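Q:
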Amino acid sequence: MKKRKSRKKRKRNLQNTPTHMHVQPDSLLVSIKAAARMLNRCEATIFNLMRDGQLKALKSGRRTVIPVSSLHEYIASLPVREPGEWSGKTETARVGA
């Protein structure tokens, strides 16, 4: 009779997962994955921002990298939330009302 393999779930080592990797504080250029982590956005959003010209991208060999200064410029260009401006409640228009 063959022995059944145990189906125990392996604990993931969170220290080695991409979401827990850190960027050096003095980095001038970061990867697309690192930029996504820094802005708390997905990689597709980073590609869209690059396509729309909101983020600058450079080629270093075969790698595409983003200057950290470009991330700072993008953050500075975002609208500032004034107190009481966005209540968090969404108003929906009623059709036929």
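Per numbering that gives the first Met the number 0, residue 0 is the first one in the sequence shown, and the count goes up by one each step.
For every residue, glycine included, the Cβ atom is placed at its ideal position computed from N, Cα and C.
Nothing here was measured: the structure is a model prediction, and the numbers come from that model.
1) Name the DSSP bridge partner or partners of R62?
2) Assuming contact is defined by CB atoms lying nearer than 8 Å, are S69 and K55 in contact in what I supplied?
3) Assuming L28 contacts I65 (C-beta within less than 8 Å), just tell me the rounded distance between them.
4) Given this structure, state the Cα-to-Cα distance separating V71 from G83, to the nearest angstrom.
5) Helix or strand or just coil, what does DSSP make of S69?
6) Can you tell me where the alpha helix (DSSP H) holding L38 begins and where it ends?
A: Reading off the structure:
1) S59
2) yes
3) 7 Å
4) Looking at the sequence provided, one finds His at residue 71 rather than Val. In this model, H71 and G83 are separated by some 26 Å (Cα to Cα).
5) Residue state, collapsed to three classes: helix.
6) I31 to L38
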